[in-house]
Amino acid sequence: MAENGGSEVTPAPESPGKVRKTVSVDATPSVDEPEPAESEEVTGDEITAEDVEDVNCLELDFNHRQLKEIKNLEPLKCIERLYMRWNLLKKIENLSTLVTLRELELYDNQLTVIENLDCLVNLEILDLSFNRITRICGLENLTKLEKLFLCSNKIQKIENINHLKNLQYLELGDNKLRTIENLEGLSSLTSLFLGKNKITKVQNLECLPQLEVLSLQSNRLTKLESLETLTKLEQFYVSENGIKEIEGLEANLELTTLDLASNKINQIKNVDHLPKLEEFWLNDNEVADWNCVEKLTANKQLVTVYLERNPLSKDAAYRRKVMLTLPWLQQLDATMCRRE
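Quick note on UniProt numbering: the sequence shown kicks off at 1 and runs consecutively.
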């Protein structure tokens, strides 16, 4: 299974400044098979006795089968991984006998409700991305869940997950969220993806002491704040917002990746205290002062810096100046640094 249920992939390089990103707010469903027009009636396939002939199998793949129903799986006694991506399923059903199931993928179907999962008490990975789900519910018995993928749905509120004490990875990118809330109890969470929503404020993260990766790309943020308790944070993605100033990172000394691309920042500051910083992405901002680049001389672990499409990058000697200021740099923008 892909690490992010199809949503943590390297996006297509819309511009050179995007080549570097590995956090997924813009992932799209597979286009291997064109979807039928609304007026077309699709003849769905179905799961047959032959499909489940080996009752002791550990894994079954029903991807791209145009399934309209989940059924006829009762003979399976040991199944641990069930893949049903890219189908026509409208309802989660007939899974109650699959108590050994550890991983369930229902990515890119037509589901609207999370339901009928109560018996899957051993489930560790659940992927419901790219569906039509409007509410998080029906997870009450899934206390062993470690990874939950719900990106690209129509969810308006984070709720009903406080009991998931073992959850390490939560993907809610590309939904309709406006507020970061109701994360209490997720003490094991290390990765949180909330990109491409409508979030206006960084808040309510103090209950996530183990968080290492935080993605808030493509939201409506204007200020970096409420990050002081995230002392283990290593990767912070907050590109494509309305942030005007680099601030609030005093306690985030473990940061190795800081993505502030496509904001409204005009100065590089408040990063010289980050000794482990390796990736610094500030392309598509408003930095014009060359003295700002010198602020990065304290970050001796820097490997990659993106500054393209800032006013200072229009200087004909832009690359040479940056490389002279930061001689240890290995990559500037999308190009490796070559030195004589």
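Virtual Cβ for every residue (Gly too), placed ideally from N, Cα, C.
Same chain only: Cβ atoms within 8 angstroms of K165, ignoring 5 sequence neighbours per side: T143, G185, L186, S187 and S188
Sequence-distant residues of its chain with Cβ nearer than 6 angstroms to S218 (five each side left out): V25, G195, K196 and E240
Y318 - DSSP class collapsed to helix/strand/coil: helix
Whether L326 touches T297 by CB criterion (8 angstroms): yes
The alpha helix (DSSP H) enclosing E103, as first and last residue numbers: Per DSSP, E103 belongs to no alpha helix (DSSP H); it is in the beta strand (DSSP E), E103 to E105.
Alpha carbon of C207 to alpha carbon of T256, nearest angstrom: 22 angstroms
S313, DSSP secondary structure in three states: helix
Test item: CB-CB of L76 and V55 under 8 angstroms: yes
Where residue 373 falls, given that 16 or more other Cβ within 10 Å makes a residue buried: Any answer about residue 373 is impossible in this case: the structure gives the chain only from 1 up to 340.
Bridge-paired residues (DSSP) for D333: Answer by DSSP bridge pairing: none, since D333 is not bridged.
Span separating the alpha-carbon of D284 from that of L274: 22 angstroms
Residue range of the unbroken beta strand (DSSP E) whose run includes V305: T304 to Y306
Exposed unless 16 or more other CB atoms sit within 10 angstroms - verdict on R338: exposed
E115 and K147 closer than 8 angstroms at C-beta: no
Residue range of the unbroken alpha helix (DSSP H) whose run includes E294: N291 to E294
Distance between T48 and R102 (C-alpha atoms, nearest Å): 22 angstroms
Expected contact under 8 angstroms - CB spacing of I136 and L111 to nearest Å: Not quite, the Cβ-Cβ distance comes to about 13 angstroms (not below 8 angstroms), so this is no contact.
C-alpha gap between K201 and H163, whole angstroms: 24 angstroms
Span separating the alpha-carbon of S96 from that of C57: 17 angstroms
Buried versus exposed call for D272 [16 or more other C-beta atoms within 10 Å across all chains shown]: exposed
L332 versus Y306 - alpha carbon distance: 6 angstroms
CB of K198 within 8 angstroms of CB of L183, strictly: no
Beta carbon of K264 nearer than 8 angstroms to that of G248: no
Inter-residue spacing [alpha-carbon to alpha-carbon] between T100 and E53: 17 angstroms
CA nearest to the CA of E74, picked from F149, N94, R309 and E105: N94
Helix, strand or coil at L258 [DSSP, three-state]: strand
Nearest-angstrom Cβ-Cβ length linking L128 and L106, presumed shorter than 8 angstroms: 5 angstroms
Buried versus exposed, by CB contacts within 10 Å (16 or more), W290: exposed
For L221, three-class secondary structure by DSSP: coil
Cutoff 6 angstroms; reference N160; Cβ partners in own chain excluding five residues on either side: I136 and C137
Same chain, Cβ closer than 8 angstroms to E14, neighbours up to 5 away in sequence not counted: Low confidence applies to E14: its pLDDT is 35, below 50, so where it sits in the model is not reliable enough to give any reading.
Euclidean distance between Cα positions of K68 and E59: 20 angstroms
Residues near A251 in its chain [Cβ-Cβ closer than 6 angstroms; skip 5 each side]: E228 and T231
Burial state of D174 (16 or more Cβ within 10 Å): buried
For M323 and E308, the rounded distance between their alpha carbons: 14 angstroms
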